[in-house]
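Enquirer: So the sequence shown is residues 0 to 477, counted in numbering that gives the first Met the number 0. I have a structure I would like to understand better, so I am pasting it below and will then ask my questions one at a time.
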Amino acid sequence: MMRQLTIALSLFAAITSQQTLAQTTDPVVMTVAGVPVSRSEFEYSYNKNNGEGVVDKLSVDEYVTLFINYKLKVAAALDAKLDTLSSFRQEYQMYRDQQVRPTMVTDAEVLAQARQMYDRTQAMIGSKGLVRPAHILLKLSTKATVQQQEKIHQRIDSVYRALKAGADFAELAKKVSEDTGSAARGGELPWIAPSQTLKEFEDVAYALAPGQLSEPFLSPVGYHIILMKERKQLEPFDSLKQGIVASLERHGIRNEIADMKLRNTVAASAGKLNTSDVMQQKADSVAAANSELKYLFKEYHDGLLLYEISNREVWNKAQNDEIALQAWFDTHKKKYTWKQPRYRGIAYHVKNKQDVKAVKQCVKKLPFDQWTEALRTTFNPDSVIRIRVEKGLFKLGDNATIDRLVFKQKVAVTPDANYSIDAVYGKKLKRPDNYQDVRQQVVEDLQNYLEQEWVDALRQRYQVEVNQEVLKTVNKHL
Numbered sequence: 000m001m002r003q004l005t006i007a008l009s010l011f012a013a014i015t016s017q018q019t020l021a022q023t024t025d026p027v028v029m030t031v032a033g034v035p036v037s038r039s040e041f042e043y044s045y046n047k048n049n050g051e052g053v054v055d056k057l058s059v060d061e062y063v064t065l066f067i068n069y070k071l072k073v074a075a076a077l078d079a080k081l082d083t084l085s086s087f088r089q090e091y092q093m094y095r096d097q098q099v100r101p102t103m104v105t106d107a108e109v110l111a112q113a114r115q116m117y118d119r120t121q122a123m124i125g126s127k128g129l130v131r132p133a134h135i136l137l138k139l140s141t142k143a144t145v146q147q148q149e150k151i152h153q154r155i156d157s158v159y160r161a162l163k164a165g166a167d168f169a170e171l172a173k174k175v176s177e178d179t180g181s182a183a184r185g186g187e188l189p190w191i192a193p194s195q196t197l198k199e200f201e202d203v204a205y206a207l208a209p210g211q212l213s214e215p216f217l218s219p220v221g222y223h224i225i226l227m228k229e230r231k232q233l234e235p236f237d238s239l240k241q242g243i244v245a246s247l248e249r250h251g252i253r254n255e256i257a258d259m260k261l262r263n264t265v266a267a268s269a270g271k272l273n274t275s276d277v278m279q280q281k282a283d284s285v286a287a288a289n290s291e292l293k294y295l296f297k298e299y300h301d302g303l304l305l306y307e308i309s310n311r312e313v314w315n316k317a318q319n320d321e322i323a324l325q326a327w328f329d330t331h332k333k334k335y336t337w338k339q340p341r342y343r344g345i346a347y348h349v350k351n352k353q354d355v356k357a358v359k360q361c362v363k364k365l366p367f368d369q370w371t372e373a374l375r376t377t378f379n380p381d382s383v384i385r386i387r388v389e390k391g392l393f394k395l396g397d398n399a400t401i402d403r404l405v406f407k408q409k410v411a412v413t414p415d416a417n418y419s420i421d422a423v424y425g426k427k428l429k430r431p432d433n434y435q436d437v438r439q440q441v442v443e444d445l446q447n448y449l450e451q452e453w454v455d456a457l458r459q460r461y462q463v464e465v466n467q468e469v470l471k472t473v474n475k476h477l
């Protein structure tokens, strides 16, 4: 009994010692909503957001406030169980897998695949080697009449006689060959291996020595004449290795290897694991060995939660609550002013004077946001365009017609012969009289207000503790 107690106390002492060491090497810098934040996690976030290229760098103390607000929002998202949403899970798993998959495959495995590809190619080529021919093709349909066949046959014989008399093969190929791809290159084809082209073509090509010209021959696509450019055996693997690996990489070999490994692991588990389980195990293993990836996973996980809950609590509310936007504008009208007046309306161009009045009659009793559709259906319902219209909130310099007719500026305008009459309709404003006139600014201000209200409520809801002594050591410890 005493011996067992001694062992138990020894184990407890060892565990306590490890925990103490971990706390010493990576102490807790703060606790937000009951969740401890290690110094290394805070440093990762701070350094990433205040590194080279960041214009407005923050001090550690300044960043603490932003970081705490971030963590509070994530805590609220977790309490709202947003991490259980299928949309969240799918997007996070997709990102996680993108980071994990490359770690599942080694360069040695890719090289092994390259070697296998080389060996298969070498076996296919065998002793026959590779050939690089040039050819001239005159196409002949399998449905051609006897007369058509004879005509093409005579043409290819004529080409062959010209070549035998000394005509330049490349120049003649460019002029008469109907294989347009190779004709542009003087008839030259890429390197060809056995069983890679038409049998009739291959048989003739492999019977030729470099520099030898074939007689005209027929294949299923027409008549050919071949000039053999080069022949060779497949180069050693080491000389082709780099190109094969690059080609495999471009075609996604790492994903193929990762997929194979996943299937094998799932199959070996005899139904105990699915693909998602395996990927999570891989992610946990990678995160344990690589702190950068560990915090990258957490950053993306928490970032998705932050985005979702911020949409719900701030962004969507401010964007879509028209009543709240109007109320905010009405309460803060003095804030929204212009240095120069604006013109809310349309500049339009018509073919006859009657349409000048007709346009005004069409829209004068309608809300501004309905003018575009009303004008389109009334004047331009089909391919016949009666009027041209520019609609918006214009300041001086935005539109030449508005500048000339509303702001009374001397503006040189090139008249449109098809729409020679210019007119305007709308309202000149010294200051905005509707939140729509300054919508983006109002939305941003309302978002800022809702954001601050929300953060204040979160600070009341959750407890925050900052270890100032540990905070002083951020980026200053060995």
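Glycine included, C-beta positions come from ideal geometry on N, C-alpha and C.
Does the stretch 107 to 118 come within contact of the stretch 319 to 331, defined as at least 3 CB pairs closer than 8 Å?
Expert: Judged by Cβ distances under 8 Å, the stretch 107 to 118 makes no contact with the stretch 319 to 331, as fewer than three pairs qualify.
Enquirer: Check each candidate in 420, 257, 409 and name the one with the smallest Cα separation from residue 346.
Expert: The candidate whose alpha carbon is nearest that of residue 346 is 420.
Enquirer: Where are the alpha helix (DSSP H) runs, 4 residues long or more, that stay fully inside the stretch 330 to 417, in chain order?
Expert: Correct list: 352 to 362, 370 to 378, 399 to 404.
Enquirer: Residue 465 to residue 313, Cα distance in whole Å?
Expert: So the alpha carbons of these two residues sit roughly 27 Å apart.
Enquirer: Pick out whichever of 258, 332, 286, 285 has its Cα sitting closest to the Cα of residue 273.
Expert: Of 258, 332, 286, 285, the residue nearest in Cα terms is 258.
Enquirer: Indicate whether the contact test is met: 3 or more Cβ pairs, each with one atom in the stretch 281 to 293 and one in the stretch 95 to 111, closer than 8 Å.
Expert: The answer is yes - the stretch 95 to 111 touches the stretch 281 to 293, with three or more Cβ pairs under 8 Å.
Enquirer: Would you call the stretch 143 to 155 and the stretch 183 to 200 touching, i.e. three or more CB-CB distances under 8 Å?
Expert: Short answer: they don't touch.
Enquirer: Do you know offhand how far residue 392's Cα is from residue 428's?
Expert: If you take the alpha carbons of residue 392 and residue 428, they lie about 10 Å apart.
Enquirer: Tell me where the alpha helix (DSSP H) around residue 94 begins and ends.
Expert: 85 to 99 is the extent of the alpha helix (DSSP H) around residue 94.
Enquirer: Report all residues from its chain with a CB closer than 8 Å to the CB of residue 161; omit the five preceding and five following residues, and keep chain order.
Expert: 171.
Enquirer: For residue 217, write down the residues that DSSP places opposite it in a beta bridge.
Expert: In DSSP, residue 217 forms a bridge with 222.
Enquirer: Put residue 233 into one of helix, strand or coil per three-state DSSP.
Expert: Reduced to three states, the DSSP call for residue 233 is coil.
Enquirer: Between the stretch 252 to 272 and the stretch 50 to 69, do three or more beta carbon pairs fall short of 8 Å?
Expert: Touching, no.
Enquirer: Could you check the C-alpha separation between residue 330 and residue 373 for me, to the nearest Å?
Expert: So the alpha carbons of these two residues sit roughly 33 Å apart.
Enquirer: Give the straight-line distance between the Cα atoms of residue 381 and residue 371, rounded to the nearest whole angstrom.
Expert: About 15 Å.
Enquirer: How is residue 142 classed by DSSP in three states: helix, strand or coil?
Expert: Here residue 142 sits in coil by DSSP.
Enquirer: Tell me which residues share the same chain as residue 401 and place their Cβ nearer than 7 Å to its Cβ, disregarding the 5 neighbours each side in the sequence.
Expert: Answer for residue 401: 342, 346, 393, 423, listed in chain order.
Enquirer: Would you report the Cα separation of residue 235 and residue 194, rounded to the nearest angstrom?
Expert: The straight-line gap from Cα to Cα measures roughly 21 Å.
Enquirer: If you draw a straight line from the alpha carbon of residue 35 to that of residue 28, how long is it in whole angstroms?
Expert: The alpha-carbon atoms of residue 35 and residue 28 are separated by roughly 8 Å.
Enquirer: What distance in whole Å lies between the Cβ atoms of residue 445 and residue 317, which are believed to be in contact at a cut-off of 8 Å?
Expert: Going by Cβ atoms, the distance from residue 317 to residue 445 rounds to 4 Å, so yes, they are a contact pair.
Enquirer: Measuring only the C-alpha atoms, how far is residue 20 from residue 80?
Expert: Unreliable placement is indicated for residue 20, whose pLDDT of 44 sits below 50; no coordinate value is reported for it.
Enquirer: Taking the beta carbon of residue 135 as the centre, do at least 16 other beta carbons fall within 10 Å, making it buried, or is it exposed?
Expert: So residue 135 ends up on the buried side.
Enquirer: Compute the Euclidean distance between the alpha carbons of residue 333 and residue 432, then round it to the nearest angstrom.
Expert: So the two alpha carbons sit approximately 11 Å from each other.
Enquirer: Quick check on residue 110: does DSSP put it in helix, strand or coil?
Expert: Here residue 110 sits in helix by DSSP.
Enquirer: Going by CA-CA distance only, name the one from 303, 71, 150, 335 that's closest to residue 455.
Expert: The shortest Cα separation from residue 455 among 303, 71, 150, 335 belongs to 71.
Enquirer: Which whole-angstrom value is the C-beta distance of residue 129 and residue 231, which I expect to be below 8 Å?
Expert: The Cβ separation is near 5 Å, so the contact holds.
Enquirer: What does the Cβ neighbour count give for residue 475, buried or exposed, with the cut at 16 atoms within 10 Å?
Expert: Exposed is the call here.
Enquirer: With 16 as the cutoff for other CB atoms within 10 Å, does residue 261 come out buried or exposed?
Expert: Residue 261 should be labelled buried.
Enquirer: Rounded to a whole number of angstroms, what is the C-alpha to C-alpha distance between residue 104 and residue 88?
Expert: In a straight line, the C-alpha of residue 104 is about 24 Å away from that of residue 88.
Enquirer: Taking all protein chains shown into account, do 16 or more other C-beta atoms lie within 10 angstroms of the C-beta of residue 209, making it buried, or fewer, making it exposed?
Expert: Label assigned to residue 209: exposed.
Enquirer: Between which two residues does the alpha helix (DSSP H) holding residue 175 run?
Expert: It spans 168 to 175 - the alpha helix (DSSP H) in which residue 175 sits, taken as one unbroken run.
Enquirer: Comparing alpha-carbon positions, which option in 41, 410, 90, 54 lies nearest residue 275?
Expert: It is 90 whose Cα lies nearest to the Cα of residue 275.
Enquirer: Please name the residue in 215, 173, 301, 181 whose C-alpha comes closest to that of residue 154.
Expert: Among 215, 173, 301, 181, the Cα nearest to that of residue 154 is on 215.
Enquirer: Tell me where the beta strand (DSSP E) around residue 421 begins and ends.
Expert: Run containing residue 421: 420 to 428, per the beta strand (DSSP E) assignment.
Enquirer: Following the continuous beta strand (DSSP E) through residue 264, name the residue where it begins and the one where it ends.
Expert: Run containing residue 264: none in the beta strand (DSSP E); it sits in the alpha helix (DSSP H), 252 to 267.
Enquirer: Three Cβ pairs or more, each shorter than 8 Å: is that satisfied between the stretch 236 to 244 and the stretch 116 to 124?
Expert: Yes: the two stretches touch, three or more of their Cβ pairs being nearer than 8 Å.
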